[in-house]
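Structure, as structure tokens:
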Amino acid sequence: MNIRLKPSDIAKASDCLCHIDPGELSLLPPPYEDFNQRALTPLKPEKINNIEASLDDTVAIGIPKPATKQEEEALVRQFLSGLKKLFEKENNWTFLQPLMLSMEHCAKCQTCSSACPVFEMSGGKDIYRPIFRAEVLRRIYRKYLKPGGKITAKLNGDIDLNWTTIARLAELSYRCTLCRRCATVCPIGVDNGLINHEIRKLFSQEMGIAPKEIHDKGSVQHLRVGSSTGMTPPAAKDSVEFIQEEMEEITGYKVSIPWDVEGADILLLHNAGEMLAWPENVGAFAIIFQAAGISWTMSSEAAGYDAVNYGLWYDDVQFSRVAVKHADIARKLKVKKIVIGECGHAHKALTVIADRLLTGDLNIPRESAMVTLEDIVMSGRLKFDPLKNNFPVTLHDPCNVVRAMGIVEPQRRILRKIAPQFREMTPHGVDNYCCGGGSGFAIMSGYNFAEWRNLVSSRKKFLQILKAFEGEPPDVPKYVCAPCSNCKGAIRDILHYYHAEERSGLHYGGLVELVVNALAGMKKPIIRFGEKPSWEAK
Amino acid sequence: MGFYVLSYLCIMVFIGATGYLIYRQINLPLHVRWEIYPVQHEITARTAYGGSYMEKVNWWNDKYENSRINELKYMVPEILFLRGLWKENRSLWWFSFPLHFGLYLMIATFALLLLHACFTLGGFSVGVVSFLLSGLIVAAGWSGLILGSIGSLGMFYRRLTDRSLKDYSSFSDYFNIIFIGLFFISALATCLSGDSFLEGAKAYTFGLLTAGSSRNLYVPGQNVAGFLTIVSASLLVAYIPLTHMSHMFMKYFLYHNVKWDDVPNRRGGQMEAAIKNNLELKPTWQAKHINADGHKSWRDIASSAPKEMK
Ligand code: SF4
Ligand code: SF4
Numbered sequence: 093m094n095i096r097l098k099p100s101d102i103a104k105a106s107d108c109l110c111h112i113d114p115g116e117l118s119l120l121p122p123p124y125e126d127f128n129q130r131a132l133t134p135l136k137p138e139k140i141n142n143i144e145a146s147l148d149d150t151v152a153i154g155i156p157k158p159a160t161k162q163e164e165e166a167l168v169r170q171f172l173s174g175l176k177k178l179f180e181k182e183n184n185w186t187f188l189q190p191l192m193l194s195m196e197h198c199a200k201c202q203t204c205s206s207a208c209p210v211f212e213m214s215g216g217k218d219i220y221r222p223i224f225r226a227e228v229l230r231r232i233y234r235k236y237l238k239p240g241g242k243i244t245a246k247l248n249g250d251i252d253l254n255w256t257t258i259a260r261l262a263e264l265s266y267r268c269t270l271c272r273r274c275a276t277v278c279p280i281g282v283d284n285g286l287i288n289h290e291i292r293k294l295f296s297q298e299m300g301i302a303p304k305e306i307h308d309k310g311s312v313q314h315l316r317v318g319s320s321t322g323m324t325p326p327a328a329k330d331s332v333e334f335i336q337e338e339m340e341e342i343t344g345y346k347v348s349i350p351w352d353v354e355g356a357d358i359l360l361l362h363n364a365g366e367m368l369a370w371p372e373n374v375g376a377f378a379i380i381f382q383a384a385g386i387s388w389t390m391s392s393e394a395a396g397y398d399a400v401n402y403g404l405w406y407d408d409v410q411f412s413r414v415a416v417k418h419a420d421i422a423r424k425l426k427v428k429k430i431v432i433g434e435c436g437h438a439h440k441a442l443t444v445i446a447d448r449l450l451t452g453d454l455n456i457p458r459e460s461a462m463v464t465l466e467d468i469v470m471s472g473r474l475k476f477d478p479l480k481n482n483f484p485v486t487l488h489d490p491c492n493v494v495r496a497m498g499i500v501e502p503q504r505r506i507l508r509k510i511a512p513q514f515r516e517m518t519p520h521g522v523d524n525y526c527c528g529g530g531s532g533f534a535i536m537s538g539y540n541f542a543e544w545r546n547l548v549s550s551r552k553k554f555l556q557i558l559k560a561f562e563g564e565p566p567d568v569p570k571y572v573c574a575p576c577s578n579c580k581g582a583i584r585d586i587l588h589y590y591h592a593e594e595r596s597g598l599h600y601g602g603l604v605e606l607v608v609n610a611l612a613g614m615k616k617p618i619i620r621f622g623e624k625p626s627w628e629a630k
Numbered sequence: 210m211g212f213y214v215l216s217y218l219c220i221m222v223f224i225g226a227t228g229y230l231i232y233r234q235i236n237l238p239l240h241v242r243w244e245i246y247p248v249q250h251e252i253t254a255r256t257a258y259g260g261s262y263m264e265k266v267n268w269w270n271d272k273y274e275n276s277r278i279n280e281l282k283y284m285v286p287e288i289l290f291l292r293g294l295w296k297e298n299r300s301l302w303w304f305s306f307p308l309h310f311g312l313y314l315m316i317a318t319f320a321l322l323l324l325h326a327c328f329t330l331g332g333f334s335v336g337v338v339s340f341l342l343s344g345l346i347v348a349a350g351w352s353g354l355i356l357g358s359i360g361s362l363g364m365f366y367r368r369l370t371d372r373s374l375k376d377y378s379s380f381s382d383y384f385n386i387i388f389i390g391l392f393f394i395s396a397l398a399t400c401l402s403g404d405s406f407l408e409g410a411k412a413y414t415f416g417l418l419t420a421g422s423s424r425n426l427y428v429p430g431q432n433v434a435g436f437l438t439i440v441s442a443s444l445l446v447a448y449i450p451l452t453h454m455s456h457m458f459m460k461y462f463l464y465h466n467v468k469w470d471d472v473p474n475r476r477g478g479q480m481e482a483a484i485k486n487n488l489e490l491k492p493t494w495q496a497k498h499i500n501a502d503g504h505k506s507w508r509d510i511a512s513s514a515p516k517e518m519k
């Protein structure tokens, strides 16, 4: 049942603030009606006994329950100390101005709510309104940190601060994908995605609270062993060797991937997850670059073969460490520019956000692979036979590439040239919807979180994909082009969860695979619908 | 004279508070980029779909360009007509637009009243210009008051009846809208009660310029509505910059300093110097992995490994 919840309700004790019951989510069309009554698999009591799980029917972080009242109080104090730091330039120069502006000027008009795919798809759950968590933070800040706050709270909106409030707020900050669709529609320019980002930072930077997938196994592992996948430099080299062999076997094209070439024009940074989950993407890049005669290299230095920067989602310090590492590797290799492969958040992290962090010789030019690829494809250096891609194709716009960077057309111009049945989703470009896997969701799968993602945060994307191919016979293979590793992971999971390959003939992949597939003169296609890739079949 | 003192004080509060708000924004440290596309000062070809200069190969070799014209083309209808709200939240626009436009017309009316008072002071109280000004004052004043009254009553009604607005409305949200409504309705009542040509407003504005020393000045409080108009208008002027309603002008910073701030950092530039200053700041975040002690700078911390790894 859709119970009405106000921001102050977050402090009220209960086992679960908001349930998602069967039938409440937005409806899916045929042949997916059987999913309309689907609800989240209940969390097993023995698994959540000792963790905070009172927000909704899922858990993203799994914060241990404090053992005593004193411990709870200490955590509340820690939270307030972190909140204060968000408004200090020594601690938060990175986002101080954007945060202050967004905190002070919301008119509570709710325009943002209708733009949020999580809120919409949840059937309008109040806790998923973009403004809900922002208003909770705003009220706590005003009441507990502003002079006279306890009195003005009666006038400006009250809230109780207790451990329940804080534990729920931490969890709630991981129910927003940071897609910032809400920010684009706000008439004032308030950014609730940003406020959510700052809440995550407070928890991570002051209290050490963050989902293990993005912190311990993510940015910490990235800096320790060289990749958030756990891949060490020798393992990365092995993977690439394997990819070279596979590419020759699959396409008949002998490719050689260069490592650590000093003075190369381009240092190509891939999300290392590609090497493990989608090696054909790494291979396809290599084929294109080699065929076009590009001077390029990959780096085998720790962190240099993994473009991810999970700090972007939750921790400025971890973010800065990884960004500096990436830039330093490029500096040592003396490359002319860094090109970021098909990884959306790595695009934004290194190109845009790190731009005001990197100085002097660390400020090495950085370019999106969409742009580099467009230049190659349009240059006439490669010959294409678009009919090799004569199947329905649609394009997913990764939020970090499109809405956060304004890289909208290069990938489209490529597709218009090489994919005769390319069609847009509605809406698309800067108005796109997130894949539902943004801000770390695609790699978070503890408890039943992956199911929440498939059912709620990715639901809008699934509907958009179905709509884009409306009218096509189910047995015709269709290709969802998602030029971002995280988006690809989320879309892979949606297609699997809803049996969409079987029911609608849906497949997914990156952009470079389509480019290579359309290359004239290739002996064999790289895209083979329905066939298991060799690395999975083995 | 008490009314004039009140008005002067309120204008001083407005200037002081607005000045402080702007001063605070200007003195904040340079933040990281967090723009969101479409960025409306991009060149025309790219604003059409929300593209950026980063769509070009080797974009850093080109000069950073931004188009003030494109920005104005977007900003003027946005400010005047609340185009974003029209597009995204039409049902609210029907009340929000008259409220905002009513306020703009009040600002315009006040500017015209000041001009009229200057003319009067200069001895041009008759003639074509003065006649024209009086006509404009009546037109702007009446339309502003009607629109503002509809808008404020409508917004109050929406806040009371729309669940999603009500759940987020605090006492001060209702107070704000009642306050604005009180001004519009009392001013409208003043005009309706025998001052259709806003003569009282003209005389009061004249009095404001002459610090009450002229024989022409309006003696306020001739009726309750007139009294309420002067008091509520004066207090409203002081009150707006103290609340979130300052978004009327702080929107400038939200758009220019965040949403559209796409200026790239170039080696050796002014921006780089500001970044270097920021990197010398010393954080005190307490989580173990940060490894901050209040002595290490952002630069030290960013170039070190997290504590868990050591
Ligand atoms: S964030 Fe913007 S759109 Fe959302 S309620 Fe506040 S003012 Fe309205
Ligand atoms: S950033 Fe995206 S997911 Fe988060 S609240 Fe805004 S619209 Fe919703």
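Top line first, the protein sequences correspond to chains G and U. Numbers 93 to 630, taken from the working numbering, label the letters of the first sequence in order. Numbers 210 to 519, taken from the working numbering, label the letters of the second sequence in order. We put the CB at the ideal spot given by N, CA and C, even for glycine.
### Query
Along the region 441-464 of chain U, what residues have a CB closer than 9 Å to any CB found in chain G?
H453, M454, S455, H456, M459, K460, F462, L463 and Y464
- [ ] Using 10 angstroms around the beta-carbon of F393 (chain U), count the other beta-carbons present and answer buried if the total reaches 16, otherwise exposed.
- [x] Taking the first residue of the second sequence as 1, we reach residue 393 (chain U) at position 184. Per the 10 Å Cβ criterion, buried.
- Does DSSP put E517 (chain U) in a helix, a strand or coil? Residue 517 (chain U) sits at position 308 when you count from the first residue of the second sequence. In this prediction, E517 (chain U) scores a pLDDT of 49, lower than 50, which makes its location untrustworthy; the coordinate-derived value is nonetheless stated afterwards. Looking at E517 (chain U) - three-state DSSP - the assignment turns out to be helix.
According to DSSP, is R130 (chain G) part of a helix, a strand, or is it coil? Taking the first sequence and counting its residues from 1, the one referred to as residue 130 (chain G) is at position 38. Note: R130 (chain G) maps to coil in three-state DSSP.
*asked:* Which complete beta strand (DSSP E) runs does the region 442-527 of chain G hold, if anything under 3 residues is left out?
replied: 458-460 and 485-487
Check: Looking at the C-beta of Y383 (chain U), does it have a partner C-beta in chain G at a distance below 8 Å?
Finding: Against the second sequence, residue 383 (chain U) aligns to sequence position 174. By this cut-off, Y383 (chain U) is not an interface position.
- [ ] Rank G:M390, G:H439, G:K426 and G:I380 by C-alpha distance to the C-alpha of L404 (chain G) and give the top, closest one.
- [x] As a working note, residue 404 (chain G) is residue 312 in the first sequence. Measuring from the Cα of L404 (chain G), the nearest candidate turns out to be G:H439.
Q: Would you check if there are 3 or more beta carbon pairs closer than 8 Å linking the region 383-398 of chain U to the region 360-370 of chain U?
A: yes
Closer than 7 Å: residues whose CB approaches a heavy atom of ligand 2
G:C204, G:A207, G:C208, G:P209, G:V210, G:F211, G:P222, G:C268, G:T269, G:L270, G:C271, G:R272, G:R273, G:C274, G:A275, G:N284, G:G285, G:N288 and G:C526
Review point. How should Q189 (chain G) be labelled, buried or exposed, when 16 other C-beta atoms within 10 angstroms of its C-beta is the threshold for buried?
Key: Position 97 of the first sequence, counted from the start, is the residue given in the question as residue 189 (chain G). Under this definition Q189 (chain G) is a buried residue.
Q) Got a sec? Which residues, its chain only, sit under 6 Å from E393 (chain G) by beta carbon, not counting five neighbours each side? A) In the first sequence, counting from the first residue as 1, residue 393 (chain G) sits at position 301. Contacts found: I421.
| field | chain U contact residues for T464 (chain G), given Cβ-Cβ distances below 8 Å | value | In the first sequence, residue 464 (chain G) corresponds to position 372, counting from 1. Those within 8 Å of T464 (chain G) in chain U are V266.
Item to complete: Flag this pair as yes or no: are the beta carbons of I245 (chain U) and K468 (chain U) separated by less than 8 Å?
Response: Locating residue 245 (chain U) in the second sequence gives position 36, counting from the first residue. Locating residue 468 (chain U) in the second sequence gives position 259, counting from the first residue. Yes.
Cβ neighbour criterion (16 or more within 10 Å) applied to K519 (chain U): Taking the second sequence and counting its residues from 1, one reaches residue 519 (chain U) at position 310. For K519 (chain U), the predicted model reports a pLDDT of 39, less than 50, meaning its position is unreliable; a value from the coordinates is still stated below. It is exposed - the Cβ of K519 (chain U) has fewer than 16 other Cβ atoms within 10 Å.
Q.
Suppose contacts are defined by Cβ-Cβ distances below 8 Å. Is V444 (chain G) in contact with H314 (chain G) by that definition?
A. Counting from one through the first sequence, the residue named residue 444 (chain G) turns up at place 352. Counting from one through the first sequence, the residue named residue 314 (chain G) turns up at place 222. In this structure, H314 (chain G) does not lie closer than 8 Å to V444 (chain G) by Cβ.
Next on the checklist: Taking only three categories from DSSP, how would you classify W405 (chain G)?
Outcome noted: Within the first sequence, the letter at position 313 stands for residue 405 (chain G). Here W405 (chain G) sits in helix by DSSP.
- Query: Hey, T329 (chain U) and F415 (chain U) are a contact pair by Cβ (cut 8 Å); roughly how many whole angstroms apart?
  - Reply: Here residue 329 (chain U) refers to the residue found at position 120 of the second sequence. Here residue 415 (chain U) refers to the residue found at position 206 of the second sequence. That pair is a contact at about 6 Å.
Bounding residues of the beta strand (DSSP E) (the contiguous stretch that carries V228 (chain G)): As a position in the first sequence, residue 228 (chain G) is number 136, starting the count at 1. Taken as a continuous stretch (DSSP letters only), V228 (chain G) belongs to no beta strand (DSSP E), being part of the alpha helix (DSSP H) at P222 to L237.
| Out of G:G581, G:L253 and G:D477, which has the shortest C-alpha to C-alpha gap to K553 (chain G)? | On the first sequence, position 461 is the one that residue 553 (chain G) refers to. Closest option to K553 (chain G), Cα to Cα, is G:G581.
Here's the rule: buried if 16 or more other CB atoms are within 10 angstroms of the residue's CB, otherwise exposed. What is C268 (chain G)? As a first step, residue 268 (chain G) is located in the first sequence; it is residue number 176 there, counting from the start. By the 10 Å Cβ count, C268 (chain G) comes out buried.
### Same chain, Cβ closer than 7 Å to P123 (chain G), five either side skipped, listed in chain order
In the first sequence, the residue the question calls residue 123 (chain G) occupies position 31. Around P123 (chain G): R595.
query = How is M457 (chain U) classed by DSSP in three states: helix, strand or coil?
reply = For the purposes of this step, residue 457 (chain U) is taken as the residue at position 248 of the second sequence. M457 (chain U): helix per DSSP, three-state reduction.
Would you say the region 510-518 of chain G touches the region 537-547 of chain G, given that touching needs at least three Cβ pairs under 8 Å? no
Could you spell out where the alpha helix (DSSP H) holding Y229 (chain U) opens and where it closes? Numbered from its first residue, the second sequence carries residue 229 (chain U) at position 20. It spans G211 to I235 - the alpha helix (DSSP H) in which Y229 (chain U) sits, taken as one unbroken run.
### Task
Could you have a look at L397 (chain U) and say whether DSSP puts it in helix, strand or coil?
For the purposes of this step, residue 397 (chain U) is identified with residue 188 of the second sequence, where counting begins at 1. The answer is helix: DSSP assigns L397 (chain U) an H, G or I state.
Using 8 Å as the threshold, is the C-beta distance between E605 (chain G) and A376 (chain G) below it? Counted from its first residue, the first sequence places residue 605 (chain G) at position 513. Counted from its first residue, the first sequence places residue 376 (chain G) at position 284. Yes, the pair counts as a contact, with Cβ atoms nearer than the cut-off.
Straight-line gap, N288 (chain G) to A326 (chain U) (C-alpha atoms, nearest Å): For the purposes of this step, residue 288 (chain G) is taken as the residue at position 196 of the first sequence. For the purposes of this step, residue 326 (chain U) is taken as the residue at position 117 of the second sequence. Computed Cα separation, rounded: 50 Å.
Taking the straight line between their C-alpha atoms, what separation do you get for E341 (chain G) and S348 (chain G)?
Mapped onto the first sequence, residue 341 (chain G) falls at position 249. Mapped onto the first sequence, residue 348 (chain G) falls at position 256. Answer to the nearest angstrom: the Cα atoms are 13 Å apart.
Open item on the list: Restricting to Cα atoms, I'd like to know which of G:M470, G:A441, G:D408 and G:V416 is closest to I380 (chain G).
Closed with: Taking the first sequence and counting its residues from 1, the one referred to as residue 380 (chain G) is at position 288. The option with the nearest alpha carbon to I380 (chain G) is G:M470.
contact_flag[the region 443-460 of chain G, the region 241-259 of chain U] where n(CB pairs < 8 Å) is 3 or more | yes
Would you call the region 262-281 of chain G and the region 157-165 of chain G touching, i.e. three or more CB-CB distances under 8 Å?
no
For E393 (chain G) and chain U, any beta-carbon pair shorter than 8 Å?
Residue mapping note: residue 393 (chain G) aligns to position 301 of the first sequence, counting from 1. Not an interface residue.
| query | Quick one, which of G:L547, G:M323 and G:P325 has its alpha-carbon nearest E125 (chain G)'s? | reply | By 1-based counting over the first sequence, the position of residue 125 (chain G) is 33. Selected option, being the one with the closest Cα: G:L547.
**Message:** If distances are taken between C-alpha atoms only, which option among U:F384, U:G435 and U:F380 comes closest to G403 (chain U)?
**Reply:** Numbered from 1 along the second sequence, position 194 holds the residue referred to as residue 403 (chain U). Residue U:G435 is the option with its Cα nearest to G403 (chain U).
Query raised in the report: Apart from the five residues on each side of it in sequence, which residues of its chain come closer than 8 Å, Cβ to Cβ, to A317 (chain U)?
Result: Here residue 317 (chain U) is taken as the residue at index 108 of the second sequence, counted from 1. Cβ neighbours of A317 (chain U) beyond the five flanking positions: A349 and G353.
* Shorter than 8 Å from the beta carbon of K485 (chain U) to some beta carbon of chain G? -> Indexing the second sequence from 1 puts residue 485 (chain U) at position 276. It does; some Cβ of chain G falls within 8 Å.
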